[in-house]
Each structure stands twice: as C-alpha cells, then as structure tokens.
Amino acid sequence: MIKSDILNIFEIENCYSTQRYQVCISYLQMYEFYIIDSIFPAISIYLQNLPDIPSNQQHDLCNNIQVKDFFFKQYIFFQIQIYLKNISQIIYEYWDESILNKKKTLDKNINSILEINQKQSSLQFNCEKVRRLYSQKIQQKLSIQKQLKKKMIENHSIIMKKLAYKQYKIGQNIINSQIQNQKQTVQIIFDQIFIEQEHNIELEQLIYLLITIRMQDKYKFRSIIQSFIAVLSCDQIQTNTRMNSMKILRKISNFKQDLETNQSIQKDLISMGFLDFLCNIIIVEQDTQMKLEYIKCLIDFIEEGNKDIQESLYQYLLQDKENSFLVEINRYLQTNFNYFKEYVKSQKEKTKNMSFISNNSHQDVNSQFHFKKIIFVKLDICVKILELLRLSTENHYYPMQCFLKQQINEDGSIKNNNINMLLILTDIFGKYSLIIQDDNLQMGIKILDTLIEWIQGPCEQNQLFLCNTNLLENLEDLQYDINSRNKMSVFKTEFNQKIMLILRNLYDINQDPYIINKISLYIDPTLMIEKIAFNYKLYNEYMKKISNFHQGLRIFLANSEIKNNQDIIINNQNQFQSLCSEDEKLFLKNSTLYKPETIDFDLKNQNKNTSKTYNNAMLYEKANLIITEAFETYMLLKNQKFLDKSFKQKYNYSLEQLLNQNNSQEHEIRNALIFMQINTCSIEIVNQKNNLQKIYFRKHPITKYLSTITMNKFIQNVNREGSTEKINGLLSQKENFLNEMEQFLKLNALGLYFNLSYLALFRNINFTITLLINLTLLIEIFEYENNSQNIQNIFQLLNLIISIAVFIVWNIFQMPLEYKIIQNKFFKLKMDRQNIIIKILFISYEIILNTNSVYLLVYILFSLCGMIINKFFYSLLLLDIIQRSTVLQNVTKAITQNIIQLVMTVVLGIVVIYIYAMLAYFIPSIKDSLIYYGDDKTLPICKNAKDCLLIFLDMGLRNGGGIGDVFLYPSPEQGNDEYISRLFFDLSFFIFIIIILLNIIFGIIIDSFAELRDAKRFQDQDRKNKCFICNIERSEFENKGISFSKHQNKQHNVWNYLFYLIHLKIKNQSDYDGTETYVYEKYIQQDISWFPINQSLKL
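In UniProt numbering, the protein residues as written are 1 to 1099.
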C-alpha cells in the first residue's frame, strides 16, 4: 500500500517495524523495542480515541460483564492497569543482570546464525550494513531504556499500590480522586517523551517526506494519496489505521508552512476528487468518531476560504440529485444538538430539587460528571458542523449562500429533499436560547458566526429571510439574559459582539428600510447605553492596572498579525519572538489569541508575581475585549440613528432619561459616550450598488502615534492638481504613515516617550544658541572683548552637545522610517535584488541625497570647526534657517527647480565670453586698444590668453556696460579701424552677454518664482475652498447652509479615510463584512472609485 520511499522513514524511526531489520536484531531487543514503541503508544492512542459513548459491540460487552455504559471507560482503565502491571514486572525482570547476561549469550548465538543464513539467503541487501546504519538509533533506544528503567524504579512502589488488583464491583462508590489518580498513574507510564513527541515527530517527518515527493514527482505523490484514500474507503481496516491515514491527509491538505505549495497540493487534491470522496464518505460512514474526523478533514481542506475548493463543493452539491450530503449533515447536526438540549433540560429539572442534590451519592455525582463530558462531545460535534457550513460560504461566496437557503439542480429545478438551512439554523438557535448557559456560549457564538457569514456580501435574500424569522426576538431576549449574568468571560463578551455584528450585517450595503425599521423595534437603547457605560468603567479599571499601555498594545498587535497570517506563521513567528523579551515570549505563548480559553475578568485574582511585561500584555488584551464589545454596540446605535429617524428620537429620549437620574451612573454614561465619540470615526463611500454609504468604525489606538508634524507636512506638500492626484497621494503614503505609527509605538513600549515634535523643539533650541553665538561674536569685536569669552565658550559647547544629541536622536527615531522608505523604493525598482553591492550603493546614495543624516553630520562638523579652527564656521550654521522656513525653501527651490536650465545657460555664457576673450587676444586691432587706466597709469591687458579670459569673466560681468566700461575707449581720430573694431566688439558684448544672457538667467529664476507663487496660491486656495475627498467647492456647501469646515472635519475627514485603511490592514480578513471586503479589494487594485468624488450625503 505504501511505497518504499515512505517506508524509509519508518525504518529509521522504528527499526523493529521492518522485515529487513528483524533479521538483524535479537528477539529480546526486538521485544524490548516492541514494548516501548508499540504497546505503550498503542494503549495511549486507544485511550485517547476511546469514545465516551460505547459502540454497539462495547455496549454488548458491558451487558455481558454487567457494567453500566457510564462506567465503561472506568472499567477499561481498570483492566489496562492490570495489563500494565504485568508489563512493568516483565520489564523489571528483564533488566535484571542475570537476564542481561543470558541476553548477551543469545545475541552471540543469533549473530552466528545470521552470518550463516546471510550466505545462504537470497536477500538483496547486506545485514551488517543495515546494522551499522541503525547503530546510532539503537544507542538512542538504549538510552531511552535507561530513562524508562529509572522511572519504573522510582515509581515502582507507587505502581504496585495504584495498580494492585481489587475486585471490581458494580455499584461501588467511585470518587473523583480515584479516577484522577488512575489517570495520573497511566500518565506516568505514558510519558510524553516516549509517546506524543515521538509520534508527532514521525508524523511531521512523514508529511515533509510526502511534500518532498510531491515536489519531485507529482504522479508518485498522487499514487500515494490514492493509497491513503483506499485505506479510508475500506471498512475492514482497523479504525486506528484509518484514523492515522486521515491525520496524514488532513495535514497534507492544509500544509501551512508554504502557501504556494499548499495551493498546488489543494489543486492536485481537487483534481483527484478528494473533496468528492470526503463528501461521499461522510454520507455513508456509520462510525461516529470517523465521521467527525472526515468533517474535520473537510474543514481543514476548505479553511482560509479557498475559492476553488468552494466552487468544487458547490458543483458537487449541484450534482447531488437527492441532496444526500446536506440531508446527512442536517441529520447529524440535529441529532447531536437534541442530545445536548435534552441533557441541559434534564439538568435544569434536577437543580430545582435541592434535596436531591444534597443527598446525591458519590456515584451519582461521578456519573453526572462523566455524562456531562459525553454531552459536551456532542456539543463539539455541532460546532464542527457549523464551522464546515460557515467555511463553505467564507469570503461571501454568493452561490453557496443562496444554495443553503434553497437547493437547486443544474437545470434550475428544486432538488428532492430540499432543506432550508437558514430556517433550520434559526430554529436551532431559538431552542438554544432557551437552554443557554455560561459553559455553552461557544455554541451560540458559532451559530451567530455562521449566520453572519451567510448574509454578508451582501446576500439580500438571506438578509430579508432572517429578518422575517424569530431571530430578532431571540436576539432581544438573549441581550437581557446575557447582560443579567454577573460573571464576565471571553465567551460572554464575544457573544455580545456577535449579536451586534449580525444586527449590523442584516442591512450591510443593502440598507433596506424595512429591515432597518424592524431591527429598531428589537433594540433597547437604554440597555445598550448602560452596557457601554459598564464596559467603559471596567475598561478603565484594567487600564489603571497597566504600567505601560504602549507595551501591551505592541504585543497585542504583534499577536494579531501572527493570527492574521497563518500561512506564514512558521516563518515569521520565530523572527518576531527573537525581537521580544522573555516576558513577551511568555505572553505570546499563552495568549488567548492563540488559545481561546476563558479569561478571568476578576482583577483581584491577578497574579502579583507575574512580570510587568506579561501583566501589561494580558491586562491590555482583556481591556481590549471589553471595550471592543462597547464599540460594537455604539456603532450599531450610530448606524440606527443615522438610518432611522424614529429610532434617533427613541435613543435621545432614553439617553435623556438616563442623564436626568442625578447619580453616579449619569457621570459614567457621559464619560463613556464622550470616549466612544472621540474614538469612533465615520467616512462616506460609494458602495457596490453605486450608492453613497456612511461607515462607522473604531479608530485604532495605533493611529494616536501619527504626529501632527507629519500630517501637516503631507497636507502642505501633496499634489493638488485634481481629486485623483490628492487621493492617490494619500494612498501612496499609507505605508509610510503606518511605519511611523509602529516606530513610535515601539519606542514608547520601550519607555522612550518621544515624537517628532520633540526633535523639532531640540533643533529650534539649537538654532537659538547659534544666533546667540554669532551675537557674542559681534559683541566681542565691538565692545566687550574680554568679558564675553566665557559666555561664548558656554554657548559653543552647548551648541556642539545639542547638535550631537539631535544627530543621535534623529538616527534612532527618524532614520528607521527613512530607511524603510528607501528599502521600499529599491524593491519597487527593477534591479537585481540579490546583488548586495548594488543595494548598498543605492541605499547609500538615497541616504546622502534624501535624508538629513549627512546634513546633521555636516552641522556637527561646522560646530566643531568653529570651536577648534575658526569662528567663521559659526556664521555658516545660520544657513540652517533655510531648512526650517518654508518661505526660504521656496526661494531656494526657485533656483534648484530649474537648475539644469540655469547651469546650461551659464555654460553657454562662459563659452561666449571665452570666444570674446580669444577674439580680443588674437586680433591686434582690438588687443592694442584694451588698455586699463588706474592709479594714474595705463596698463596693457591680455598679455596671454588665460589672463585675457579671466579679466573678461571678472570685469565683463560686473560692469553694467559690459567689458567696454573697463578699458580706455579709443579716440575716433587715432584711426578708423581700431575705433570701429572696439565699437562693434563692445556693443556686441553688451548686447549678447549683459542684455540677453544675463536676462535669460534672471528670467529663468523669476519665472520659477512665479510658478512657485502660483502653485502656492493654488494650493492655499484648494486647501481652503475645496474638500480633499470629494473636491466640491466651499460655496456649494455654504449656499445650502452647510458648514464647510464641519464637512471637512466630520463627513470627509481625510485622516479618517487613512485610519479606515489601517483598520482594514490590522483586522483579520476573514472577519471582513461585505463593505470592508469591497473597499479592501478596490484598494489592492489601486481603484479609487469607492471614494465619493463630487458626491456628499449632505448635498
């Protein structure tokens, strides 16, 4: 069945399990390994897989031995104890020295026999070579023997006492402590080192081997998978073997270590008909445990909402003419839920009779405990079925959403045995609402989660259908029921969140007035406001306990990122944890984001010995769970108020009644609502139906780390040529904004409470000191030459210290952000990313030109030179005023903006002057006339060509009349040729150089000033009179009596759109509603059609 390639791993891990090794080892060694590696694991697996409810054969066995079904598992435990006692005695005797001596003698005899048989045998391998190959593994097994022997000796007395045979009597009192001791005794023998760890390692190695085979030979891999499927298809094969085959297929079908490999494997499995096989075998499988394993395998296969798998499942259901799969799933769900429902009802009836409970025997208590455990296995089955149905519509798969409501054939006709799963699930939820308890809230959460997935997208027919069922009545009742419970837990908080989510998703995108009005009838504003106030109060209590809020937020975000990227968790988790402290690693290991266990919400029960880091992270997670529930409630109220005017009146009346109570609750409600209002944002978008829609969302705490300096800088410098350019400018800077938030969150978490405003403050102080230094230089020159020296030295030292401090602070806090921008720029360019030299050169070039590191370093150098070399350098430090003044930056920009044109014009001017200089030097009539008059003397010019060029460059440009104003002008009487030559020479120089060339240079600079002035005026006008998002003029709002500033700050706040994208970035994509999925897909496609350009709800 399994090919030789797979057998290799078993030969390495379990030498005794292969025929080749059996001829190379003594029977005593083989028996020893058989006990350690086969009997113990087999018993462990049997106990793990032992069903709580006996099968038919086990039920018959219970009747034969006169044991009740409830005590079947305890009976099995007892019989295994006797068996283990015998095994322990055998091992103990086997380790006796006399036995070991006999073993050595037998080994020699067997070795001699093997040598003879090897020569006569026709086996195609060398036994000695095999023995050498396994020698290392044998040594490992022998070391395990010693450890096991030590354990057995240490616990021998305990084992003999615990496992002593006692006649089992039906009806004998079985107390919980005895059962616990039995389990502990079994756990001592079945040590994790010898069972679970080895088994998991072998399984993982086998999976990796299969993946390797898949990468090398696809057809061989398909053949192996078909072999496993054949094992599962055969009812005659033992359940344990089928279970192990199923585990292998589950891991292969959901191989998360490599996303690309996982996708290719899933495509292979789809083409092989793996999904059809799972669906078929779920229909026909009679064994309850195996059916559940098949459902789990199908869940793993569909996980992450793979569209191809969903489409394959949909096609399978379309071709299922008798609707057998959904019928069986429905039957399995209803059966297990009815078991659970009847149990809860019976328990409620028993609790009414308190005398019955007080007189309960130990046996009854234990039987109730055991039966409760069995029932909750049934509950887990229901949860798994609901998860399968939810995953079938993951990511708003519309065809399956419709199909679950009404099953149709490929020709469009309704199927036989049509089942309305929405009606069934709402009916189950109605029954569940009558038996809800604190320990079964996860069932209600899963039902609501499934219904939410069935209506998101939106699926309008499902939304309307659920609105017309009794779901809203049940949700209203449950709100009162849940909120009346005093005990806080994760499940209770999450349950309330799901209630708010499903109410909001009932009109997601669709915004059907009928649905909105009907929901308003089942919402009690008073209850919700009180709930918000209560949660806010509890949230503040937790926040007061946190010594470093930033630290808790940082670990929480890192944990959420790992959760949101399950496909890369193996690659990234270790990398992130390497950056964390030991306390942060401890939190990441135990966080409820990894394990959704119940959190203790009692502040008094906090462990005082827990480290600050771990305590901060845990407290923040609890506080966030509580406040998230409050935000979900608040956003539901905001939506209802905005969409339903009658509900707004109802809400205002309820709020007024609460605020007029004149007690402490009034103050708590006011503070809670103010907090919610400040931390809740709204935006307007164009949805799938091309309608304007208002969205409320929670402003994530990380957005508080975006500095106002960065925001103002963006608003000043963004391209405002049109609405498209402005919005694209915002979207292009999103990652840079998020990097800044994460950077300053990290610094605050480390205790460095710093932001960019501090850096600006330090630089302003330093510039002020530079001014004072230059002032003392003036005072020293003109007045107090001796008295100002000490003050000057102090200022100089302060200037140097602050300059160094600014450089260090900038490189610690700001340089990482600049480096990330440069890295992103490098990756976007089509360069050889593997070439380290190119990368280093590119990054160095960008750092020199586009960051302040070189500038700050030069500033320090000038400050140091001013102290040591010459005080002249302090005057150069005053040029720092250019960088801190936007006006001066525009002045310099007027020159640098067209720098190429200016440089080329200057080069042209030098060339023309050079031509004139050469003309003057090589033409005698002109050369002889170039006489300079100074100090009552006449001096000839242009002794050589170089001097002639330098004089022309110097004197020709500095005189308003050109070069002719420098030299003596020849008299017309001295000769006509010399006078005429100078006339044309001086006049042409004046025209071409002074008038034309210099004015071209001045014109370029003046035009640049004009362009910058016009651009500045346009930007100012656009910023003051046009909305950044919708690009509508201020006058259009004011003509209708709408405040333009309120519109910019509330309805179309540019930063709210950024915060919404960050909200989507941090949120798990599987939790997106229809609107969030639509916006995120548009953002990924760089499509800005979801922005309300030229539209506003106010207009």
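Each residue gets a CB set at the ideal place from its N, CA and C atoms; glycine is no exception.
Please read these numbers as outputs of a predicted model, since none were measured by experiment.
- [ ] Report the option in Lys321, Phe277, Thr239 whose CA atom is closest to the CA atom of Thr288.
- [x] As a position in the sequence shown, residue 288 is number 288, starting the count at 1. Cα-wise, what sits closest to Thr288 is Thr239.
Open item on the list: Would you say the beta carbon of Ile1032 is closer than 6 Å to some non-hydrogen atom of the ligand HEM?
Closed with: Of the ligands one can find in the structure shown there are none, so the ligand HEM has no counterpart to examine.
Task: First and last residue of the uninterrupted alpha helix (DSSP H) at Glu684 - done: The residue you call residue 684 lines up with position 684 of the sequence shown. From DSSP, Glu684 is part of no alpha helix (DSSP H) but of the beta strand (DSSP E) over 680-686.
TODO: Tell me where the beta strand (DSSP E) around Ile695 begins and ends.
DONE: Taking the sequence shown and counting its residues from 1, the one referred to as residue 695 is at position 695. Counting along the chain, the beta strand (DSSP E) containing Ile695 begins and ends at 692-698.
- [ ] Please confirm if the stretch 1057-1064 is in contact with the stretch 992-1008, defined as three or more CB-CB distances below 8 Å between the two stretches.
- [x] no
Task: Beta-carbon gap between Ile941 and Leu968 smaller than 7 Å - done: Within the sequence shown, the letter at position 941 stands for residue 941. Within the sequence shown, the letter at position 968 stands for residue 968. No, the Cβ-Cβ distance between Ile941 and Leu968 is not below 7 Å.
TODO: Mind checking who Tyr614 pairs with in its DSSP beta bridge?
DONE: Within the sequence shown, residue 614 is the residue found at index 614, counting from 1. The partner list for Tyr614 (beta bridge, DSSP) is empty, contrary to what the question assumes.
Open item on the list: Would Cys297 and Met243 be called neighbours here (beta carbons separated by less than 7 Å)?
Closed with: For the purposes of this step, residue 297 is taken as the residue at position 297 of the sequence shown. For the purposes of this step, residue 243 is taken as the residue at position 243 of the sequence shown. Against a cut-off of 7 Å, the Cβ pair of Met243 and Cys297 comes out as no contact.
Open item on the list: If you measure between the beta carbons of Met741 and Ile769, is that distance less than 7 Å?
Closed with: Taking the sequence shown and counting its residues from 1, one reaches residue 741 at position 741. Taking the sequence shown and counting its residues from 1, one reaches residue 769 at position 769. The answer is no: Cβ separation not under 7 Å.
- [ ] Mark Ala760 as exposed unless 16 or more other C-beta atoms lie within 10 angstroms of its C-beta, in which case mark it buried.
- [x] Counted from its first residue, the sequence shown places residue 760 at position 760. Ala760 should be labelled exposed.
TODO: Could you check what DSSP says for Glu460 in three-state terms: helix, strand or coil?
DONE: To locate residue 460, count along the sequence shown from 1; it is residue 460. Looking at Glu460 - three-state DSSP - the assignment turns out to be helix.
Open item on the list: Comparing C-alpha positions only, which one of Asn739, Asn799, Asn1049 sits nearest to Phe767?
Closed with: For the purposes of this step, residue 767 is taken as the residue at position 767 of the sequence shown. Cα-wise, what sits closest to Phe767 is Asn799.
Task: Test item: CB-CB of residue 1103 and Tyr539 under 7 Å - done: Since the displayed the chain opens at 1 and closes at 1099, residue 1103 lies outside it and no answer follows.
- [ ] Give the straight-line distance between the Cα atoms of Lys746 and Val806, rounded to the nearest whole angstrom.
- [x] Residue mapping note: residue 746 aligns to position 746 of the sequence shown, counting from 1. Residue mapping note: residue 806 aligns to position 806 of the sequence shown, counting from 1. Computed Cα separation, rounded: 20 Å.
- [ ] Please state if the CB of Asn496 and the CB of Glu629 are separated by a distance shorter than 7 Å.
- [x] Your numbering for residue 629 matches position 629 in the sequence shown. Your numbering for residue 496 matches position 496 in the sequence shown. For Glu629 and Asn496, yes; Cβs fall inside 7 Å.
Task: Lys622 versus Thr896 - alpha carbon distance - done: Within the sequence shown, numbered from 1, the residue matching residue 622 stands at position 622. Within the sequence shown, numbered from 1, the residue matching residue 896 stands at position 896. Rounded to whole angstroms, Lys622 to Thr896 spans 55 Å at the Cα level.
Open item on the list: Quick check: Asn535 and Ile669, are their CB atoms within less than 7 Å of each other?
Closed with: Taking the sequence shown and counting its residues from 1, one reaches residue 535 at position 535. Taking the sequence shown and counting its residues from 1, one reaches residue 669 at position 669. No; because the gap between Cβ atoms is not below 7 Å, this pair is not in contact.
- [ ] Determine the burial state of His700: buried for a count of at least 16 other Cβ atoms within 10 Å of its Cβ, exposed for fewer.
- [x] As a first step, residue 700 is located in the sequence shown; it is residue number 700 there, counting from the start. With 16 or more Cβ atoms within 10 Å of its Cβ, His700 is classed as buried.
Task: Contacting residues, own chain, Cβ-Cβ under 6 Å from Ile683 (five flanking each side not counted) - done: As a working mapping, residue 683 is identified with position 683 in the sequence shown. So the list reads Ile695, Asn1056, Tyr1057, Tyr1060, once near-sequence residues are dropped.
Open item on the list: Rounded to whole angstroms, what is the Cα-Cα separation between Ser358 and Val377?
Closed with: In the sequence shown, counting from the first residue as 1, residue 358 sits at position 358. In the sequence shown, counting from the first residue as 1, residue 377 sits at position 377. Bear in mind that the predicted position of Ser358 carries a pLDDT of just 45, short of 50, making it unreliable; the figure below should be weighed with that in mind. Near 27 Å, if we compare the C-alpha coordinates of Val377 and Ser358.
- [ ] Counting only the same chain and skipping the five closest in sequence on each side, list residues whose C-beta sits under 8 Å from that of Lys415.
- [x] Within the sequence shown, residue 415 is the residue found at index 415, counting from 1. Asp320, Lys321, Glu322, Asn323, Gln407, Ile408, Asn409, listed in sequence order.
- [ ] Select from Asn1053, Leu388, Lys943, Leu232 the residue whose C-alpha is nearest the C-alpha of Phe1028.
- [x] Counting from 1 along the sequence shown, the entry for residue 1028 is found at position 1028. With distances taken between Cα atoms, Phe1028 lies closest to Asn1053.
- [ ] Measure the C-alpha to C-alpha separation of Lys1067 and Ser547 and round it to an integer number of angstroms.
- [x] Here residue 1067 refers to the residue found at position 1067 when the sequence shown is read from its first residue. Here residue 547 refers to the residue found at position 547 when the sequence shown is read from its first residue. Looking at the two C-alpha atoms, the distance is approximately 26 Å.
Task: Residues sharing a beta bridge with Lys645, DSSP - done: Here residue 645 corresponds to residue number 645 of the sequence shown, with the count starting at 1. Looking at the DSSP assignment, Lys645 forms no beta bridge with any residue, so it has no partner.
- [ ] For the alpha helix (DSSP H) holding Cys279, just list the boundary residues, first then last.
- [x] Here the question's residue 279 lines up with position 279 in the sequence shown. Unbroken alpha helix (DSSP H) run through Cys279: 274-284.
Open item on the list: DSSP three-state label for Tyr932, please.
Closed with: Taking the sequence shown and counting its residues from 1, the one referred to as residue 932 is at position 932. Strand.
Task: Leu391 beta carbon less than 7 Å from that of Ile302 - done: In the sequence shown, residue 302 corresponds to position 302, counting from 1. In the sequence shown, residue 391 corresponds to position 391, counting from 1. For Ile302 and Leu391, yes; Cβs fall inside 7 Å.
Open item on the list: Quick check on DSSP: helix, strand or coil for Phe255?
Closed with: For the purposes of this step, residue 255 is identified with residue 255 of the sequence shown, where counting begins at 1. Coil, per DSSP.
Task: Inter-residue spacing [alpha-carbon to alpha-carbon] between Leu673 and Ala1010 - done: Here residue 673 is taken as the residue at index 673 of the sequence shown, counted from 1. Here residue 1010 is taken as the residue at index 1010 of the sequence shown, counted from 1. The alpha-carbon atoms of Leu673 and Ala1010 are separated by roughly 51 Å.
TODO: Identify, in the order they occur along the chain, each residue of the same chain with its Cβ nearer than 7 Å to the Cβ of Phe952, setting aside the five sequence neighbours on each side.
DONE: For this step, residue 952 is matched to residue 952 along the sequence shown. Around Phe952: Ile913, Tyr916, Ala917, Ile963.
Task: Cutoff 7 Å; reference Val383; Cβ partners in own chain excluding five residues on either side - done: Translated into positions along the sequence shown, residue 383 becomes position 383. The answer, listed in chain order, is Gln442, Met443, Lys446.
Task: Under the three-state DSSP convention, the category Cys1033 falls into - done: As a first step, residue 1033 is located in the sequence shown; it is residue number 1033 there, counting from the start. The sequence shown places Glu at residue 1033, rather than the Cys named in the question. Glu1033: strand per DSSP, three-state reduction.
TODO: Assign Met904 to one of two classes, buried (16 or more other C-beta atoms within 10 Å of its C-beta) or exposed (fewer than that).
DONE: The sequence position of residue 904 within the sequence shown is 904, counting from 1. Under this definition Met904 is an exposed residue.
Open item on the list: Tell me the rounded alpha-carbon separation between Ser1070 and Glu394.
Closed with: For the purposes of this step, residue 1070 is taken as residue 1070 along the sequence shown, with counting starting at 1. For the purposes of this step, residue 394 is taken as residue 394 along the sequence shown, with counting starting at 1. Computed Cα separation, rounded: 7 Å.
Open item on the list: Tell me which residue opens and which closes the alpha helix (DSSP H) that Ser1089 is part of.
Closed with: The residue labelled residue 1089 in the question sits at position 1089 within the sequence shown. Looking at the DSSP string, Ser1089 is not in any alpha helix (DSSP H), and its letter there is neither H nor E.
Task: Glu1076, enclosing alpha helix (DSSP H) - first and last residue - done: The residue you call residue 1076 lines up with position 1076 of the sequence shown. Here the alpha helix (DSSP H) through Glu1076 covers 1074-1084.
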